[in-house]
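What follows is a set of notes on a single structure, which appears directly below.
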Amino acid sequence: MAKSVSHINYYVNSIDVNDLRKSIKVVYPTAIESDRPNGIQVLPVPWRKGVRFGLTVKDQISSGGEADLGMPDGDDGSPTLDELTVDSVPNIRNMVSDVIMDVPLYLTPKYREQMTITLCKLINRIYLRFISKHPDFLERNGQVSIVGHSLGALIAFDMLSSQPMNSSSTDMKNQVLAALEQNTNHDMLSKSLMFTAQNFFALGSPAGVMLLLKGYRIASRKEFLKSGTVPNRRPVQFCYPAVENLYNIFHKSDPVAYRLEPLISRQYGTNLKPEPIPRINELMKAQFKAASKKGSTKNITNRAGAMYESIKYGLTANLVMRGLGLSRQQMYDDMASVNNSDDENNSHTPLNIYSEGARRLRMLNRSGRVDYCLQENHLENPYWSALSTHLQYWKDMDIAAFLTREIYRDD
13 MAKSVSHINY YVNSIDVNDL RKSIKVVYPT AIESDRPNGI QVLPVPWRKG VRFGLTVKDQ
73 ISSGGEADLG MPDGDDGSPT LDELTVDSVP NIRNMVSDVI MDVPLYLTPK YREQMTITLC
133 KLINRIYLRF ISKHPDFLER NGQVSIVGHS LGALIAFDML SSQPMNSSST DMKNQVLAAL
193 EQNTNHDMLS KSLMFTAQNF FALGSPAGVM LLLKGYRIAS RKEFLKSGTV PNRRPVQFCY
253 PAVENLYNIF HKSDPVAYRL EPLISRQYGT NLKPEPIPRI NELMKAQFKA ASKKGSTKNI
313 TNRAGAMYES IKYGLTANLV MRGLGLSRQQ MYDDMASVNN SDDENNSHTP LNIYSEGARR
373 LRMLNRSGRV DYCLQENHLE NPYWSALSTH LQYWKDMDIA AFLTREIYRD D
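Quick note, the working numbering runs 12 ahead of the 1-based positions in the sequence shown.
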């Protein structure tokens, strides 16, 4: 690799990582206003391949299991998820598997533990492989971030929350060097991360509702690390993610995503709007300014708006929304309520940034915020967007620019 890598991004997702790599490469010159070369390396973490939902017939036979139900008291074990999946419309079935199947699989204790352990070991294996090829990364104290999407973000959050409270950077570095010398295989890798995670970006994550169902709140472990004491049991259970900066990124129309700030500080977080992610479309604004000098902006806007409205409330509304049991009036009412709530939130009284709630947020993120949302287009139909936003995060240029800026914030 010709360039010097200063930051590793682990992409915990089942989708091709090349989309995110391309997006970061495109927005980097705009996001970073300097001559610094792009030192971000995005590494995929295909955790699903390591989680076995049942044993295949070949595995059963190789392990001595009986594969013939006709035998007396014969049992060929539990089938795999692939064996149950109908062989048709693969793209749609992959989407269903990535989104709809996330929750029931995660709620199964057996698979939830298997997912967390598999993810941690896989990340450690990829990290060791990277360090073996780039030993100077440790010497330059390179930073590591984790980007998770949907179920991947939820599992990554559980993994970070289960890390030991007393691990130091020196101990982790020594563990990495020892593992490299011994050429440790995947099965013998530690169930704890071999590095300190600088940033964790959760995209379209259902972690908020899952923690609510478990009765958990979120707190920073920094206070306990400074005092040298492990937190005692409290009336309310807390989870302490091992990360310097926690980011919960979502689109308002994403039906899978939930907020996290009310779980950190209920009163303070609930009264805050999610922080909007800045747009990257400066080039588009320049084009409109150039068009305004020629007097053609109004025509362009009117034509685009009329065409979009006809598509938005025409065929799409009749076919898709009726299938969801929604009427056209319900769509208009919901869109009006969203606009009204935005107007009310924009005029709210500023909160006390020195309050206890604000301090809790700053402990989990240097910016003082955890929830970040994409800015919606005024011509955007939230019902139509709900069908696509959950699967489009890694292609969004605004998100790619935001990740880049936050990764290099302190450099």
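Beta carbons: idealized from backbone N, C-alpha and C, even for Gly.
- Excluding the 5 residues flanking it on each side, asparagine 211 has same chain C-beta neighbours closer than 6 Å at Ser157, Asn257, in chain order.
- Fully contained in the stretch 201-271 are the following beta strand (DSSP E) runs of length 3 or more, in chain order: 209-215, 228-230, 249-251, 255-262.
- Here proline 274 carries a helix assignment [DSSP, helix/strand/coil].
- Around the C-beta of serine 18, 16 or more other C-beta atoms lie within 10 Å, and the residue is accordingly described as buried.
- The continuous alpha helix (DSSP H) containing tyrosine 40 extends over residues 30-43.
- By the neighbour-count criterion, in which 16 or more other beta carbons inside 10 Å mark a residue as buried, methionine 206 falls on the buried side.
- Each residue's CA atom was taken as its position, placing serine 144 and alanine 165 some 27 Å apart.
- Within the same chain, Tyr280 come within 8 Å of serine 367 by CB-CB distance, once the 5 residues on both sides are set aside.
- In the structure shown, the three-state DSSP call for tyrosine 420 is coil.
- Burial state of leucine 386 is buried, judged by a 10 Å Cβ sphere holding 16 or more other Cβ atoms.
- Using a 10 angstroms sphere on the CB of aspartate 170, the tally of other CB atoms reaches 16 or more, which defines it as buried.
- When DSSP assignments are scanned along the stretch 115-165, the uninterrupted stretches of beta strand (DSSP E) that are 3 or more residues long and fall wholly within it turn out to be 155-161.
- Taking each of Arg60, Arg421, His402, Met409 in turn and checking the Cα distance to leucine 215, the smallest one comes out for His402.
- Of all C-beta pairs linking the stretch 20-40 to the stretch 410-418, three or more are shorter than 8 Å, placing the two stretches in contact.
- Under the DSSP assignment, glutamine 404 falls outside any alpha helix (DSSP H); it carries neither an H nor an E label.
- Partner residues in the beta bridge of asparagine 21, as assigned by DSSP, are Val54, Ser157.
- Residue state for aspartate 170 is assigned as helix, using DSSP reduced to three classes.
- For glutamine 194, the closest C-alpha among the options Leu140, Tyr420, Leu119 is that of Leu140.
- As DSSP reads the structure, tyrosine 384 sits in a beta bridge with Ile261, Glu287.
- Taking 8 Å as the upper bound for CB-CB distance, leucine 373 and serine 277 are in contact here, some 6 Å apart.
- Between the alpha carbons of histidine 161 and alanine 191 lies a distance of about 29 Å.
- At the C-beta level, isoleucine 167 and methionine 127 come within 8 Å of one another.
- For methionine 177, no alpha helix (DSSP H) segment is defined, and its DSSP state is neither H nor E.
- Taking the C-beta atoms as reference points, asparagine 260 is found no nearer than 8 Å to aspartate 408.
- About 7 Å separates the beta carbons of serine 179 and serine 204, which is inside the 8 Å limit, making them a contact pair.
- When only Cα atoms are considered, alanine 209 and arginine 381 end up about 18 Å apart.
- Going by beta carbons, alanine 231 and leucine 272 fall outside the 8 Å limit.
- For serine 367, the three-state secondary structure derived from DSSP is coil.
- Under the three-state reduction of DSSP output, valine 101 falls in the coil class, being neither helix nor strand.
- The three-state reading of DSSP puts isoleucine 292 in coil, since its state is none of H, G, I, E or B.
- Residue burial annotation: valine 57 is buried, with at least 16 other C-beta atoms found within 10 angstroms of its C-beta.
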